[in-house]
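Chemist: Per the UniProt record's numbering, the sequence shown starts with residue 1, numbered consecutively.
We put the CB at the ideal spot given by N, CA and C, even for glycine.
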Amino acid sequence: MQRLVEGCYLVDFHGDVYAVKGLVHPPSRVYAVPRVVKGVKVKDFSQALDYVLRERPDYLFDDPYTGRVVIAIPENMILRRLYPVKTPQGPSKLVSAAEELAQHLSEARVEFGFTGSLLTGYTTEKSDIDIVVYGEGRKAYELFSKLRKEGFTKPVTAENLTILLESRRDTAKAVEMAAAEQRKVLTGVFRNVLYTVKIVPENFWETWEDTRCKPIQNYEAVVEVVDDSTAFYTPGRYGVRVVEGDEIGRECREIIYFRSRFAEMAEKGCRVRVRGLLEKVLTKTGSYLRLNVGVGRDDYILGDLPE
Numbered sequence: 001m002q003r004l005v006e007g008c009y010l011v012d013f014h015g016d017v018y019a020v021k022g023l024v025h026p027p028s029r030v031y032a033v034p035r036v037v038k039g040v041k042v043k044d045f046s047q048a049l050d051y052v053l054r055e056r057p058d059y060l061f062d063d064p065y066t067g068r069v070v071i072a073i074p075e076n077m078i079l080r081r082l083y084p085v086k087t088p089q090g091p092s093k094l095v096s097a098a099e100e101l102a103q104h105l106s107e108a109r110v111e112f113g114f115t116g117s118l119l120t121g122y123t124t125e126k127s128d129i130d131i132v133v134y135g136e137g138r139k140a141y142e143l144f145s146k147l148r149k150e151g152f153t154k155p156v157t158a159e160n161l162t163i164l165l166e167s168r169r170d171t172a173k174a175v176e177m178a179a180a181e182q183r184k185v186l187t188g189v190f191r192n193v194l195y196t197v198k199i200v201p202e203n204f205w206e207t208w209e210d211t212r213c214k215p216i217q218n219y220e221a222v223v224e225v226v227d228d229s230t231a232f233y234t235p236g237r238y239g240v241r242v243v244e245g246d247e248i249g250r251e252c253r254e255i256i257y258f259r260s261r262f263a264e265m266a267e268k269g270c271r272v273r274v275r276g277l278l279e280k281v282l283t284k285t286g287s288y289l290r291l292n293v294g295v296g297r298d299d300y301i302l303g304d305l306p307e
């Protein structure tokens, strides 16, 4: 059976639709968050979590990998698995724009699929083009950089930004972070339609069995980005050096994120202010500190700061 990974969806036996998160999962469970509950789309993560707490407590999992209680759907509660498709569902204008944009990926022989509402069928007048790319990360990123330089795609406009921010209501500083959207190539506008692209790494750098995270505390710091080579992926990470921050997190060397809004937020050499969950990561080869950004509503990455 094909694996469920980032970009896939599942339908449980109650008829609710969940978005799969990440590339590794606990035994007999799948990390996922509610996206359509009783026929109604859910965008706010806090609302999604409240629903699970109230209606589906058996989906909560005390997870030794993350060190937190998370949503992880038991495999025996999965009715259907939805994998990204080449043929999108939705209004003709949206579908036409999606297929035209995807044609560039096809010509470059990049493996992709439509996800989000184009996969689930829950489209509205404000729906965007959601594309997920597997296995050709660097090639896909360079392609979207080229499309932007040649004017095929455009940066997010004020009108589109309003739509984008509606989907990010569960991030407190979404408006402040929006300044970075202008330079992103994986988020933009094509034929007056908002598009977002997730580039999923072919191989995740952690395994569920061999990695254990110990949450320490919420942590805020100014960091210098020393490695941005995987910062266009979802999940992705930045190599960093702490410039300003409390002593407890001064040895933090990495930012990790599992939400695409935190991709392309910073480039190598720049300084950003960041807030996330400080974690101690234990592996077979040792341990290190990192910031997990996107776990909490108040998490953010803001920059580029002057030196």
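(1) Is it true that the CB of Tyr-233 sits closer than 8 Å to the CB of residue 334?
(2) Taking C-beta to C-beta, are Phe-190 and Leu-101 nearer than 8 Å?
(3) Alpha carbons only, please: which of Ile-131, Thr-196, Tyr-83, Thr-120 is nearest the one belonging to Asn-160?
(4) Considering just the uninterrupted stretch of the alpha helix (DSSP H) at Ser-106, what are its terminal residues?
(5) Starting from the C-beta of Asn-76, find all residues in its chain whose C-beta is less than 6 Å away, skip the five residues before and the five after it, and write them out in chain order.
(6) From Ser-260 to Lys-198, what does the alpha carbon distance come to, in whole angstroms?
(7) What number of angstroms, rounded off, separates the C-alpha of Phe-144 from the C-alpha of Thr-123?
(8) Can you confirm whether the region 114-122 touches the region 83-95 when touching is taken to mean that 3 or more C-beta pairs between the two stretches lie within less than 8 Å?
(9) Since I believe Lys-139 is in contact with Lys-214 (beta carbons under 8 Å), could you give me their beta-carbon distance rounded to a whole number of angstroms?
(10) Determine, using beta carbons only, whether residue 308 and Val-17 come nearer to each other than 8 Å.
(11) If you reduce the DSSP assignment to three classes, tell me which class Asp-227 lands in.
(12) Considering only C-alpha positions, which residue in the set Glu-224, Tyr-288, Gly-294, Thr-66 is nearest to Arg-273?
(13) Work out the CA separation of Val-42 and Ala-48 for me, nearest whole Å.
(14) Residues in its own chain within less than 6 Å of His-25 by CB, not counting five upstream and five downstream?
(15) Below 8 Å on the Cβ atoms is my guess for Leu-60 versus Val-69; work out the distance and round it to an integer in Å.
(16) In angstroms with no decimal places, state the Cα-to-Cα distance between Asp-130 and Thr-162.
(17) Does Leu-161 come out as helix, strand or coil in the three-state DSSP assignment?
(18) Take Arg-80 as the anchor and find which of Lys-284, Pro-201, Val-20, Gln-217 has the nearest alpha-carbon.
(19) Which partner residues does Ala-32 have in the DSSP bridge list?
(20) Let me confirm a value: Trp-208 is counted as buried when at least 16 other C-beta atoms fall within 10 Å, else exposed. Which label applies?
(21) Starting from the C-beta of Gly-249, find all residues in its chain whose C-beta is less than 7 Å away, skip the five residues before and the five after it, and write them out in chain order.
(22) Where Val-40 and Asp-50 are concerned, what is the direct C-alpha to C-alpha distance, given to the nearest angstrom?
(23) So Arg-212 packs on Val-185, CB below 8 Å; how close in whole Å?
(24) Just list the beta strand (DSSP E) runs in the region 150-216, keeping only unbroken ones of 3 residues or longer that don't cross its boundaries, in chain order.
(25) CB-CB under 7 Å to Gly-236, same chain, minus the five flanking residues each way: which ones, in chain order?
Modeler: If we stick to the structure as given:
(1) The displayed coordinates of the chain run from 1 to 307. Any statement about residue 334 would go beyond what the structure contains.
(2) On the sequence shown, position 190 is the one that residue 190 refers to. On the sequence shown, position 101 is the one that residue 101 refers to. Yes. Within cutoff.
(3) Residue numbering aside, residue 160 sits at position 160 when the sequence shown is read from its first letter. Nearest to Asn-160 by C-alpha distance, out of Ile-131, Thr-196, Tyr-83, Thr-120, is Thr-196.
(4) Counted from its first residue, the sequence shown places residue 106 at position 106. Its alpha helix (DSSP H) spans residues 92-107.
(5) One-based indexing of the sequence shown puts residue 76 at position 76. Excluding sequence neighbours, Asn-76 sits near nothing in its chain.
(6) Along the sequence shown, one-based indexing puts residue 260 at 260. Along the sequence shown, one-based indexing puts residue 198 at 198. About 6 Å.
(7) Taking the sequence shown and counting its residues from 1, one reaches residue 144 at position 144. Taking the sequence shown and counting its residues from 1, one reaches residue 123 at position 123. Rounded to the nearest angstrom, the two C-alpha atoms are 24 Å apart.
(8) Touching, per the Cβ criterion.
(9) Your numbering for residue 214 matches position 214 in the sequence shown. Your numbering for residue 139 matches position 139 in the sequence shown. About 36 Å; that fails the 8 Å criterion.
(10) Outside the displayed range of the chain (1 to 307) lies residue 308, so it cannot be described from this structure.
(11) Here residue 227 refers to the residue found at position 227 of the sequence shown. Strand.
(12) The residue labelled residue 273 in the question sits at position 273 within the sequence shown. Closest by alpha carbon: Glu-224.
(13) Taking the first residue of the sequence shown as 1, we reach residue 48 at position 48. Taking the first residue of the sequence shown as 1, we reach residue 42 at position 42. When rounded, the distance between both Cα atoms is 6 Å.
(14) The count along the sequence shown starts at 1 and reaches residue 25 at position 25. The residues Tyr-31, in chain order, have a CB closer than 6 Å to that of His-25 in the same chain once the five nearest residues on each side in sequence are set aside.
(15) For the purposes of this step, residue 60 is identified with residue 60 of the sequence shown, where counting begins at 1. For the purposes of this step, residue 69 is identified with residue 69 of the sequence shown, where counting begins at 1. With 8 Å as the limit, Leu-60 and Val-69 qualify as a contact, their Cβ atoms being about 6 Å apart.
(16) Taking the sequence shown and counting its residues from 1, one reaches residue 130 at position 130. Taking the sequence shown and counting its residues from 1, one reaches residue 162 at position 162. Each residue's alpha carbon lies about 17 Å from the other.
(17) Sequence index remark: in the sequence shown, residue 161 carries index 161 (1-based). Leu-161: helix per DSSP, three-state reduction.
(18) Here residue 80 refers to the residue found at position 80 when the sequence shown is read from its first residue. Nearest C-alpha to Arg-80: Val-20.
(19) In the sequence shown, counting from the first residue as 1, residue 32 sits at position 32. Ala-32 is bridged to Val-20.
(20) Within the sequence shown, numbered from 1, the residue matching residue 208 stands at position 208. Buried, because 16 or more other Cβ atoms sit within 10 Å of the Cβ of Trp-208.
(21) Numbered from 1 along the sequence shown, position 249 holds the residue referred to as residue 249. Taken in chain order, the residues that qualify are Tyr-219, Ala-221, Val-242, Leu-278, Leu-289.
(22) In the sequence shown, the residue the question calls residue 40 occupies position 40. In the sequence shown, the residue the question calls residue 50 occupies position 50. Approximately 15 Å, taken between the alpha carbons.
(23) For the purposes of this step, residue 212 is taken as the residue at position 212 of the sequence shown. For the purposes of this step, residue 185 is taken as the residue at position 185 of the sequence shown. That pair is no contact at about 35 Å.
(24) 187-190, 193-200
(25) Numbered from 1 along the sequence shown, position 236 holds the residue referred to as residue 236. Excluding residues within five positions, the ones whose Cβ falls inside 7 Å are Thr-230, Tyr-257, Ala-263.
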